[in-house]
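Notes follow once the structure below has been shown.
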Amino acid sequence: MTSPESPLPSPSPCPPPPSSLPSSPTPSSPTPSSSLPHPPSLPPTGEVMVLALGRKKQRMLIGLSILPNLFLAFLLSSDALLTLTSPHHCRLPGPLPAAQILNASLPWEKGDRVGDSGGLSQCKQYINGSQSGVENCEAGWDYNVTEGLRINIVTEWDLVCGQYWLVPVEEVSFILGVLTGCLGMGFAADRLGRLKTLLTSLTLSVVFGVLVCVSTAPPFFIAMRFCLAAASAGVYLTLYITRLELCDPSLRLLVTMVAGLTTVAGELLLLGFALGYQSWRGLLGTGAAPLSLFLTYGIPGVFPESPRWLLLSERSADLNSFSERRDRGRDDESFTELDSELSPSTRPHLSFPELVHSRNIWKNICVLGFTSFISHGISHCYSSFRGDVRGTAPSFYWTYLLSVCAGGGAWLLLWATVNRCGRRGILLLAMTMTGLASLILLGLMEYLSEAAITVFSVMGLFSSQAAASLCVLFTAEIMPTIIRGIGVGTVLALGCVGRLTSPLMDLRNHYGYFLHHVVYSSLALLAVLSILLLPESKRKPLPQTLADGEQYRRPPLGRRRRDNVPLLATPNPET
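Okay, structure coming up:
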């Protein structure tokens with residue numbers, strides 16, 4: 027008999043499963059994927075912390091940051107109404123004198139400008155009504171107010187003739203106050219936080235606004251006006267950078283444009299309230315009083331700290347807690363909890379040696395600051411060019427409305443073109459138009475008609491305001507978060523330095539306006555060349571640290587290629 031054949035072994039035998047592991051998962055046993063540990067969560071970035079707010083809360087915070095601009099316009103743009111000098115003459119005894127009495131009581135003076143035939147003296151009168159001699163006005167002045175406020179600081183305190191020098195002093199003091207606020211509050215926003223600086227600036231604005239309204243003498247008014255300008259500039263600057271840090275790259279331009287148009291609307295309301303109140307105290311009170319309502323931003327949960335600034339505050343425990351709560355699906359509440367757990371003693375670490383050696387950041391600040399200086403300073407040349415050349419200055423309402431509407435039109439132009447052509451290209455175009463308008467006005471002013479002078483003046487005013495607005499946005503986008511307040515404040519401060527030439531020219535009765543305009547025009551052409559050194563920030567994430575800011579470099583001019591820098595690795599529609 028033969029034994030049964032044994033089964034042949036398989037060519038690749040499979041080992042039986044271990045007894046400790048089931049061969050197939052049962053319904054009651056956990057799946058292998060659920061038993062694996064979760065990968066460690068990465069530290070949150072600026073964009074992630076902004077998205078953690080939620081779309082609804084993000085839009086609400088952006089709206090809250092735009093609303094104060096409506097009332098800041100009353101404090102930052104009212105200087106033209108406060109210092110407007112109306113036609114005046116010496117106060118004569120008796121009721122309002124007729125034209126014949128004025129001609130017999132006041133001497134005739136020649137005009138100071140070309141084409142000005144002169145008129146009755148505003149600071150002299152005949153002695154005892156006889157034409158044997160003249161004397162200064164002893165009984166005060168009568169004002170023929172046809173534009174602006176019926177009672178401003180000039181008419182209330184008689185800041186004319188021998189006291190007129192106080193008007194340019196007030197204007198210079200106000201601009202220096204804005205400059206001080208931009209530098210001081212910008213530094214405080216980077217070191218102490220956006221929210222603390224905002225609340226401090228709001229409180230100071232309300233306090234100094236009240237003190238300005240109760241001023242009884244020009245020296246006290248000028249001092250309080252300086253402080254009010256510094257505090258108001260701090261509110262404007264802090265809201266600007268906070269608003270930008272709350273936006274996605276695709277929303278930054280739109281939100282900034284809406285904020286700019288809100289300021290334009292406030293300037294138009296300012297003129298309307300001036301016609302209604304007819305008193306400078308009520309006008310400034312209308313701007314300062316509503317700012318007290320925005321102190322409610324300090325209530326926990328109403329207006330939190332900027333998420334990008336929190337990311338740099340060296341709070342590793344808080345950031346890890348944020349990441350854990352984000353993974354559990356509590357995005358909308360995690361940021362509020364993070365903000366409530368912050369320690370007030372922690373501050374972002376800024377390495378001053380590293381800042382000193384950040385050559386690319388310094389180059390960008392210098393170029394944008396120089397462009398801001400030119401664009402702010404040359405705007406006054408276009409506003410007063412017709413009066414300087416022809417001797418017939420336009421009315422105050424025309425000049426004011428033209429400047430405000432040019433600012434609004436500039437924002438609309440930026441919104442329509444900047445995201446398509448890039449920040450650098452539109453800034454280059456705006457400064458080129460500014461320099462071209464100046465060259466045409468200066469070189470052909472003897473051959474231009476009144477209409478042509480008006481057209482080129484409007485073009486220069488429009489392009490210079492567009493360049494000034496774009497400089498601030500450009501700076502806020504390429505400056506790292508750790509020094510964004512200092513960077514934007516520096517560019518705004520240099521713009522204030524350019525604005526200082528306006529009251530100084532008024533003090534000298536516009537002597538030397540031609541040389542003044544020629545210098546600014548030459549510098550505008552130099553600014554066109556320096557703009558080519560700037561990087562492009564269109565739809566790119568905001569840099570956080572100094573190292574990130576150093577990586578914002580000028581794109582190539584000859585051929586198009588993608589940047590290999592890690593920070594700029596996001597898709598760029600321009601390339």
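If you count by the numbering used here, then the sequence shown holds residues 27 to 601, one letter each, in order.
Glycine residues also receive a C-beta, built at the ideal position from the N, C-alpha and C atoms.
Contact set for residue i: own chain, Cβ-Cβ below 8 Å, skip 5 residues either direction
{"i": "Val171", "result": "Ser112, Thr181"}
{"i": "Leu551", "result": "Gly461"}
{"i": "Tyr323", "result": "Leu90, Leu221, Leu224, Leu225, Leu228, Phe329"}
{"i": "Leu132", "result": "His115, Cys116, Leu146, Ser147, Lys150, Gln151, Tyr152"}
{"i": "Leu381", "result": "Ile387, Ile509, Leu572"}
{"i": "Phe482", "result": "Ala463, Ile466, Leu467, Leu474"}
Close Cβ partners of residue i (< 6 Å) along its chain, the five nearest in sequence each way excluded
{"i": "Gly308", "result": "none"}
{"i": "Pro404", "result": "At residue 404 the sequence reads Ile, which differs from the Pro that was named. For Ile404, where only same-chain residues beyond five positions count, the Cβ hits under 6 Å are Ser490, Tyr546."}
{"i": "Leu202", "result": "none"}
{"i": "Ile248", "result": "Glu196, Ser199"}
{"i": "Pro529", "result": "Pro194, Glu197, Val198"}
{"i": "Arg525", "result": "Ile201, His402"}
{"i": "Leu87", "result": "Leu272"}
Helix, strand or coil at residue i [DSSP, three-state]
{"i": "Trp167", "result": "strand"}
{"i": "Glu576", "result": "helix"}
{"i": "Asn178", "result": "coil"}
{"i": "Gln151", "result": "strand"}
{"i": "Cys273", "result": "coil"}
{"i": "Val240", "result": "coil"}
{"i": "His114", "result": "strand"}
{"i": "Ser91", "result": "helix"}
{"i": "Trp191", "result": "coil"}
{"i": "Glu476", "result": "helix"}
{"i": "Lys83", "result": "helix"}
{"i": "Ser104", "result": "coil"}
{"i": "Glu380", "result": "helix"}
{"i": "Gly145", "result": "strand"}
{"i": "Glu293", "result": "helix"}
{"i": "Val281", "result": "helix"}
{"i": "Glu161", "result": "strand"}
{"i": "Ser556", "result": "helix"}
Candidates the options, of which the one nearest residue i by Cα
{"i": "Tyr303", "options": "Ile177, Ser495, Tyr546, His542", "result": "Ile177"}
{"i": "Gln570", "options": "Leu462, Tyr190, Arg510, Lys82", "result": "Arg510"}
{"i": "Leu541", "options": "Ile504, Ile557, Gly469", "result": "Gly469"}
{"i": "Cys392", "options": "Gly311, Phe500, Arg525, Cys163", "result": "Phe500"}
{"i": "Thr480", "options": "Cys407, Cys522, Leu132", "result": "Cys407"}
{"i": "Met531", "options": "Glu197, Gly159, Leu146, Lys150", "result": "Glu197"}
{"i": "Leu102", "options": "Arg81, Glu161, Gly311", "result": "Gly311"}
{"i": "Thr264", "options": "Thr242, Trp335, Leu296, Pro245", "result": "Trp335"}
{"i": "Val261", "options": "Leu225, Pro379, Leu146", "result": "Leu225"}
{"i": "Ala215", "options": "Leu338, Phe200, Cys149, Gly174", "result": "Leu338"}
{"i": "Ile244", "options": "His383, Thr109, Arg446", "result": "The sequence shown places Pro at residue 244, not Ile. Ranking the options by Cα distance to Pro244, first place goes to Thr109."}
{"i": "Asp168", "options": "Cys116, Thr507, Ile153", "result": "Cys116"}
{"i": "Ala493", "options": "Val484, Ala436, Ser475", "result": "Ala436"}
{"i": "Leu14", "options": "Thr443, Gly451, Ile504, Glu476", "result": "Since the first residue shown for the chain is 27 and the last is 601, residue 14 is missing from the structure and cannot be characterised."}
{"i": "Met283", "options": "Met457, Leu549, Leu496", "result": "Leu496"}
Spatial neighbours of residue i in its chain, beta-carbon cut-off 7 Å, leaving aside the 5 residues before and after
{"i": "Pro275", "result": "Arg565, Lys566, Pro567"}
{"i": "Thr288", "result": "Ile92, Asn95, Leu96"}
{"i": "Leu8", "result": "With the chain covering only 27 through 601, there is no way to say anything about residue 8."}
{"i": "Gly166", "result": "Arg117, Asp184"}
Short Cβ contact (9 Å threshold) for residue i with residue j
{"i": "Phe97", "j": "Gly292", "result": "yes"}
{"i": "Gly433", "j": "Val240", "result": "no"}
{"i": "Leu272", "j": "Ile512", "result": "no"}
{"i": "Thr223", "j": "Ala256", "result": "no"}
{"i": "Gly395", "j": "Val517", "result": "yes"}
{"i": "Gly235", "j": "Ala315", "result": "yes"}
{"i": "Val523", "j": "Leu454", "result": "no"}
{"i": "Phe422", "j": "Phe299", "result": "no"}
{"i": "Trp306", "j": "Ser147", "result": "no"}
{"i": "Gly521", "j": "Ser429", "result": "no"}
{"i": "Arg269", "j": "Ala285", "result": "yes"}
{"i": "Gly448", "j": "Glu562", "result": "yes"}
Cβ neighbour criterion (16 or more within 10 Å) applied to residue i
{"i": "Gly188", "result": "exposed"}
{"i": "Val160", "result": "exposed"}
{"i": "Glu164", "result": "exposed"}
{"i": "Leu162", "result": "The residue you asked about is not Leu; residue 162 is Asn in the sequence shown. When all chains shown are included, Asn162 counts as exposed."}
{"i": "His383", "result": "exposed"}
{"i": "Leu319", "result": "exposed"}
{"i": "Glu472", "result": "exposed"}
{"i": "Pro379", "result": "exposed"}
{"i": "Pro326", "result": "exposed"}
{"i": "Arg81", "result": "exposed"}
{"i": "Leu175", "result": "buried"}
{"i": "Leu321", "result": "exposed"}
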